[in-house]
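Visitor:
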Amino acid sequence: MSDTLKVLPQYLLPKQALTSVAGRLANAEAGGTTTALIRRFIDRYGVNMAEAADPDPAAYSTFNAFFTRALKPGARPLAKADWICPVDGAISQFGHVDNGQIFQAKGHHYSATALVGGDADLAAQFRDAHFATLYLSPKDYHRIHMPADGVLRRMIHVPGALFSVNPTTARGVPGLFARNERVVCVFDSPRGPWVLVLVGATIVGSMATVWHGVVNPPRPGTVREWAYEPGQHVLRQGDEMGRFLLGSTVVLLLPAPLGFDPGWQPGGPVRMGDVMAFSA
C-alpha cells in the first residue's frame, strides 16, 4: 500500500477534537490511574527512565509532567560545535534550501514562506540557506534546547491542521510541516538570523516556550505574533527554549554557509547536544 493511501484515514479523523481531549487527559491528576498509564507507556515505547532526573513513575502527578520530564545533570553534554542538535529524536531530512523550497520527502517540497506563516520578507532571508527537520518519537526526551546562542526577536503562532508527523505521513501528505499548526521562533545571532519551528501534530495538546509559557491553547484560528525588544530574551547554546506536551517535529532554518555533520543521514538517531553543523 502506498504512503498516500496509508494516510487517507487521517483526513477523515476529527483531529482537533482528538487533540483537545488528549490535552485534557494528559493534564489530569488521576493518582494511581495516571501512574499506571505512565508505566504502561514506558513499557510500550521503551522509555529510558534511568536518565530522568526523577526515575520514579509515581513521582509525576500528570502524564504531561512525565512526558516533559527533566534529565539528570550531565545526561546531555554539549559538543563543541557552532550548531548542536536541539532535541533527541531522528533526522527526517536536512540540506540546502533551494530557491526558497524545503525538501520534505521524495516528491514533496514546501516553501519557506508557507512554513513561517506567509511572511515573505522573513522567508527571503532563507532563500538559499539550510534546513534540518528532526522528528521526536514518543520515547524521546521532549524538551527543546538552543542549537546556538540567540536573541529572540519574534514568535509567530500559525494555526493549521494536526496531521501526524511520523515518517509515513511525511511521505504521504504534501506540505505537511507547512500545513500543521506551528510556533515559529525567530532569533538573531552573530552568524545571522535563524528560525526554529515547533510543529504540532495529532494529540499534541500544546506547545510551550520558556519565555511565554503555553502558546496553544488558545487556538483562535488566526495568526498571532509577538515581537521582542533586542536583548529582552537572550538564550545561550544548550539552554532550554521550549517543549512539546506530547511529541512532534522541529524544523530549523539556518544561515549559510554551513556544513552538516558528515555522519548525518535521514532516519539516523540524534541526541540533544550532539554536533549538528559548523558554519563555514
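Count the sequence shown with our numbering and you get residues 63 to 342, in order.
Idealized CB from N, CA, C, for every residue including glycine.
(1) Can you determine whether any heavy atom of the ligand MG sits closer than 6 Å to the C-beta of ARG205, and answer yes or no?
(2) Is the separation between the beta-carbon of GLU302 and that of VAL332 shorter than 7 Å?
(3) Quick one: what does DSSP say ALA286 is sitting in, helix, strand or coil?
(4) Between which two residues does the beta strand (DSSP E) carrying THR96 extend?
(5) Can at least three beta-carbon pairs, one atom from the stretch 147 to 159 and one from the stretch 186 to 205, be found at a separation below 8 Å?
(6) If you scan the stretch 169 to 223 from start to end, which runs of the beta strand (DSSP E) of 3 or more residues do you find wholly inside it?
(7) Assuming ALA232 is part of the alpha helix (DSSP H), what are its boundary residues?
(8) Please report how far the alpha carbon of PRO229 lies from the alpha carbon of GLY237, in whole angstroms.
(9) Label TYR172 either buried or exposed according to how many other C-beta atoms from any shown protein chain fall within 10 Å of its C-beta, with 16 as the threshold for buried.
(10) If you draw a straight line from the alpha carbon of PRO76 to that of TYR290, how long is it in whole angstroms?
(11) Do you know whose CA, among TYR197, ARG216 and LEU214, lies nearest SER226's CA?
(12) Is the distance from the Cβ of ARG233 to the Cβ of ALA167 below 7 Å?
(13) Can you check which of these residues, ASN110, PHE125 and PRO117, is closest to THR97 by C-alpha distance?
(14) Indicate the three-state DSSP secondary structure (helix, strand or coil) for PRO331 in the structure shown.
(15) In three-state terms, what does DSSP make of ALA339?
(16) For GLU113, does the three-state DSSP call read helix, strand or coil?
(17) In whole angstroms, give me the CA-to-CA distance for PRO292 and LEU314.
(18) Quick one: measure Cβ to Cβ for MET338 and PRO209, integer angstroms, because I've assumed they're closer than 8 Å.
(19) Buried or exposed for THR311, going by 16 or more other Cβ atoms inside 10 Å?
(20) Quick check: MET217 and TRP288, are their CB atoms within less than 7 Å of each other?
(21) Nearest to GLY157 by CA position, among LEU224, ALA223, PHE193 and VAL285, is which residue?
(22) Return the CA-CA distance between VAL277 and ASN161, expressed in angstroms with no decimal places.
(23) Going by beta carbon distance, what residues of the same chain come within less than 7 Å of GLN187, once the five residues before and after it are set aside?
(24) Relative to the alpha-carbon of SER123, which residue among ALA318, TYR107, ILE100 and ASP144 has its alpha-carbon at the smallest distance?
Guide: Working from what's here:
(1) Among the components modelled here there is no ligand, and therefore nothing to report on the ligand MG.
(2) At a Cβ-Cβ threshold of 7 Å, GLU302 and VAL332 do not count as neighbours.
(3) Before going further, note that residue 286 is Arg rather than Ala in the sequence given. Correct three-state label for ARG286: strand.
(4) From DSSP, THR96 is part of no beta strand (DSSP E) but of the alpha helix (DSSP H) over 94 to 107.
(5) yes
(6) The stretch 169 to 223 contains these whole beta strand (DSSP E) runs: 170 to 173, 192 to 197, 205 to 207 and 212 to 220.
(7) 229 to 234
(8) Distance between the alpha carbons of PRO229 and GLY237: 13 Å.
(9) buried
(10) Low local confidence applies: a pLDDT of 49 at PRO76 is under 50, so the model's placement there is unreliable, with the coordinate-based value given in what follows. Approximately 35 Å between the Cα atoms of the pair.
(11) TYR197
(12) yes
(13) PHE125
(14) The three-state secondary structure of PRO331, taken from DSSP, is strand.
(15) Under the three-state reduction of DSSP, ALA339 is assigned to strand.
(16) helix
(17) 21 Å
(18) Confirmed, Cβ separation roughly 6 Å.
(19) buried
(20) yes
(21) PHE193
(22) 31 Å
(23) PRO255
(24) ILE100
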